[in-house]
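Residue numbers 36 to 222, in this note's numbering, belong to the letters of the sequence shown in order.
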Amino acid sequence: MTMGPCAIFVKEHFAKNAPKNLTEGKKTMKEAAAAWKSLDSVERKKYEDLSKRYRDEKMREFDALSDEEKQERIASSLEMKEEKAKRRERKQRRENWEKTGHPERPPSAYNLYVQEKFNELKKKGEVVVPVSKTMEVISAQWSAMSQSAREPYIKKASVMADQYKTQLDEWKAKVEKLEEKKSKKSL
């Protein structure tokens, strides 16, 4: 793993201004970015040298490893890269779906039951935290229910699934038309 000069600067900046929550973290990151842009070449050179030293140190550590450990590290690194690429691809797909108005998947019968139970608990003013314990109880209740008791949830989920399928077909047709227009423009 290498750390570029900017990453070292940001890490230093965060050490000085330790954020307490996410909002402060975003603010601190913006400040760090602005401070990095305002650095002159002499100050940046310091961080470039630190980055080179860090990389050299990591390379020495890697070279000192046995062949087996090197292979494990390489395999681990490749797995991390693949996982990161998958996450990036999912994010791009999700963003594309949001841009083009992809319909939202409907909840299952079980999910509808869980939503209803959580809403009931909230209306009663009962504590639903920790959620895992509440989910255990609700899940056990669902498992104990007879098929006839589950029927209203199954019917509602079925209707929602049918609506989703029609919306999805409309969306696919719309996206295909947009892609055809794009391909015609590129010719």
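Where a beta carbon is used, it is the ideal one built from N, C-alpha and C, also for glycine.
Pairing K105 with I43, the inter-Cα distance amounts to about 25 Å.
By the 16-neighbour rule on beta-carbons within 10 angstroms, I109 is exposed.
Look at S174 here: in three-state DSSP terms it is helix. When DSSP states are grouped into helix, strand and coil, L85 belongs to the helix group.
Taken through DSSP and simplified to helix, strand or coil, M180 comes out as coil.
In this structure T58 does not touch F49 by the C-beta definition: roughly 14 Å separates them, more than the 8 Å allowed.
A residue is called buried once 16 or more other Cβ atoms fall within 10 Å of its Cβ, and V77, having fewer, is exposed. If you draw a straight line from the Cα of S167 to the Cα of E215, it comes to about 47 Å. DSSP places E161 in the coil class of the three-state scheme, outside both helix and strand.
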